[in-house]
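Data block below; observations after.
Residue numbers (my numbering): 45 to 277.
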């Protein structure tokens, strides 16, 4: 028994150190903007460049908050980091996709999960990363709260090759500040989030126009039903 206990001590020590390191990073970014992310670094090495301009949530149009909630996570203000119904739907959809042997893999990630992944982890779908993502999601939900999660999410999301955050995206696509985005412009930015390297927010094709129209209509529901109240007050 003593021998077994001695073998477990290094593993326990590593686990405690990792937890403390993760907690320190979360506490730091409660106040300090993330200076970089894994994705920014990898894209820079691939030659995409890096346009990253941090802005306070107060300096962004409220329409953008409504748009991303409508497009990405309608229960953002209600869940504690995980939308179990969305995860269940994604699992069922992906099981059907696997049976057919074709189709797009569907994700069930919330904005909180996406923020945890974007800020602290590397791109990918391996189980180690997913486990760490879950841990970081719990931490940022507990320490940051919804408003800070949304602020960080909108600042680090990729909106075009080498373009990160709402301000850089707004300048890139529309030549204006994120604070001046119209409802239609915000909806188009939200519409390209799943594939920002494939689609364009300015002069979009038929798919983005259709998706943006649906998002803009849903933004009215977000506003009227208070689905963004945890962010916009």
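We treat Cβ as the ideally placed atom computed from N, Cα and C, and that holds for glycine.
Where residue i sits in the DSSP three-state scheme
i           : result
residue 272 : coil
residue 202 : strand
residue 150 : In this predicted model, residue 150 has a pLDDT of only 42, less than 50, meaning its place in the structure is not dependable; the value taken from the coordinates is given anyway. DSSP places residue 150 in coil when its eight states are reduced to three.
residue 95  : strand
residue 207 : strand
residue 90  : coil
residue 225 : coil
residue 67  : helix
residue 74  : coil
residue 265 : helix
residue 232 : helix
residue 142 : Since pLDDT at residue 142 reaches only 47, below the 50 mark, its modelled position is unreliable, and the value read off the structure follows with that caveat. Residue 142 falls in the helix class under three-state DSSP.
residue 127 : coil
residue 243 : coil
residue 49  : Summary for residue 49: the model assigns pLDDT 49, below 50, so the residue's position carries little reliability; its value from the coordinates is reported in the next sentence. Reduced to three states, the DSSP call for residue 49 is helix.
residue 257 : helix
residue 178 : helix
residue 85  : helix
residue 119 : coil
Segment limits, alpha helix (DSSP H) that includes residue i
i           : result
residue 326 : It is not possible to answer for residue 326, since the shown part of the chain is limited to 45 through 277.
residue 216 : 210 to 218
residue 236 : Note, residue 236: premise wrong, no alpha helix (DSSP H); not H, not E.
residue 162 : 155 to 164
Whether residue i touches residue j by CB criterion (7 angstroms)
i           : j           : result
residue 222 : residue 113 : no
residue 207 : residue 213 : yes
residue 211 : residue 99  : yes
residue 232 : residue 248 : yes
residue 155 : residue 120 : yes
residue 173 : residue 165 : yes
residue 94  : residue 209 : no
residue 110 : residue 252 : no
residue 217 : residue 262 : no
residue 198 : residue 105 : no
residue 235 : residue 259 : yes
residue 205 : residue 83  : no
residue 195 : residue 101 : yes
residue 159 : residue 131 : no
residue 162 : residue 85  : no
residue 203 : residue 240 : yes
residue 181 : residue 215 : no
residue 76  : residue 191 : no
Residues that DSSP places opposite residue i in a beta bridge
i           : result
residue 252 : Looking at the DSSP assignment, residue 252 forms no beta bridge with any residue, so it has no partner.
residue 170 : Answer is none; residue 170 lacks a bridge partner.
**Request:** Tell me, please, whether the segment 64 to 84 touches the segment 187 to 197 by the rule of three or more beta-carbon pairs shorter than 8 angstroms.
**Result:** Segments in contact, yes.
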